[in-house]
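Engineer: Sharing a structure below in structure tokens format, with a few things to ask.
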Amino acid sequence: MDKRVFVLGIAMLVTGFSVYGYLNENVPTGKTGMSQDEIDALNQAEIVNAGLENIAAMIGGIGFFIVLISIGLKRRKKGGDGKPVTQKPAEI
């Protein structure tokens, strides 16, 4: 397991889902008696918030996959004995 890739994945996972949670808690809300300009601004803010939530969720998901990949990575040993060689007996 490569520790640098693992730490990068954990950092992306934590960052992505914490930003997603923050954006999910701070959803723009409207009130009664809003003018048309305020309604348009609210709709625009909701669209921006939804887009940022999607980006944060993607960052968290990519971080999760990087963690999975880093767990599966194994360093190859350089050199080593290699495979055993078996020779066929000479035919007479």
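Position 16, counted from 1, in the sequence shown is what the numbering used here calls 70; the numbers after and before it change by one each time, with no gaps. Don't be surprised by glycine CBs; every beta carbon is placed ideally from N, CA and C.
Between which two residues does the alpha helix (DSSP H) carrying K57 extend?
Structural biologist: Segment 57 to 79, the alpha helix (DSSP H) holding K57.
Engineer: Between the Cα of G84 and those of D94, T69, F119, spot the shortest distance and give me the residue it belongs to.
Structural biologist: Looking at the Cα atoms, D94 is the closest of the given residues.
Engineer: Of all the options A111, N108, G63, A99, which has the alpha carbon lying nearest to the alpha carbon of I120?
Structural biologist: Comparing Cα-Cα distances from I120 to each of A111, N108, G63, A99, the minimum goes to G63.
Engineer: On the premise that V73 lies in contact with S124, defined as a C-beta separation below 8 Å, what is that separation, rounded to the nearest angstrom?
Structural biologist: In fact, because the Cβ distance is near 22 Å, the residues do not count as touching under 8 Å.
Engineer: Rounded to the nearest angstrom, what separates A104 and G115 at their Cα positions?
Structural biologist: In a straight line, the C-alpha of A104 is about 16 Å away from that of G115.
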